[in-house]
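Peer 1: Residue numbering for the sequence shown follows our numbering, beginning at 244 and increasing consecutively.
Using N, Cα and C, we set each Cβ at its ideal position, and we do this for glycine too.
Have a look at this one before I ask anything.
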Amino acid sequence: MPTKNIDSYEIEFTGELLEGTGQWGAYVSIFAPSSNPMHMTNIYPKRRVSADLTFSDQHIAEAEAEKAVPIILQELGMHSA
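Shown next as C-alpha cells:
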C-alpha cells in the first residue's frame, strides 16, 4: 500500500477491489504521531474517497486517492493546500 508523508502525517492511499464488481475504489487513511514513537494514531480511519467513482485498475484508484489527500487535510485543518 502506497504511503506518503506530509508534514508529520503519514498517509496511506489504496485502491481496493469493490466486492462483486471488477472495479476498484479509492481509499485514504491518515495517521499522526503519538506519544509512543513506535505507534501512530489513526486520525482519519480508512474511508473511500470519490465514492461515486469506480476505476478500472488498482493504480488508477490509488492515484485518485492520492489526489484527494491535500483536500482532506485542508478540510481537517491539518495542512494548507
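#1: Quick one: give me the first and last residue of the alpha helix (DSSP H) that A304 is part of.
#2: Using DSSP bridges, identify the partner residues of M283.
#3: Indicate the three-state DSSP secondary structure (helix, strand or coil) for L260 in the structure shown.
#4: Let me make sure I understand the geometry here. Which of P313, T284 and Y270 has the alpha-carbon closest to that of T257?
#5: Answer yes or no: the CB of E309 versus the heavy atoms of the ligand NAP, is any distance below 8 Å?
#6: Got a sec? Which residues, its chain only, sit under 7 Å from A304 by beta carbon, not counting five neighbours each side?
#7: Taking E320 as the reference, which of A308, D300 and I286 has the closest Cα?
Peer 2: Concretely, from the data shown:
#1: Run containing A304: Q301 to E318, per the alpha helix (DSSP H) assignment.
#2: Per DSSP, the beta-bridge partners of M283 are P276.
#3: Reduced to three states, the DSSP call for L260 is strand.
#4: When each option's Cα is compared against that of T257, the closest is Y270.
#5: Because no ligand of any kind appears in the structure shown, any question about the ligand NAP cannot be addressed here.
#6: Around A304: G258, W267, G268, A269 and F298.
#7: Before going further, note that residue 320 is Gly rather than Glu in the sequence given. For G320, the nearest C-alpha among the options comes from I286.
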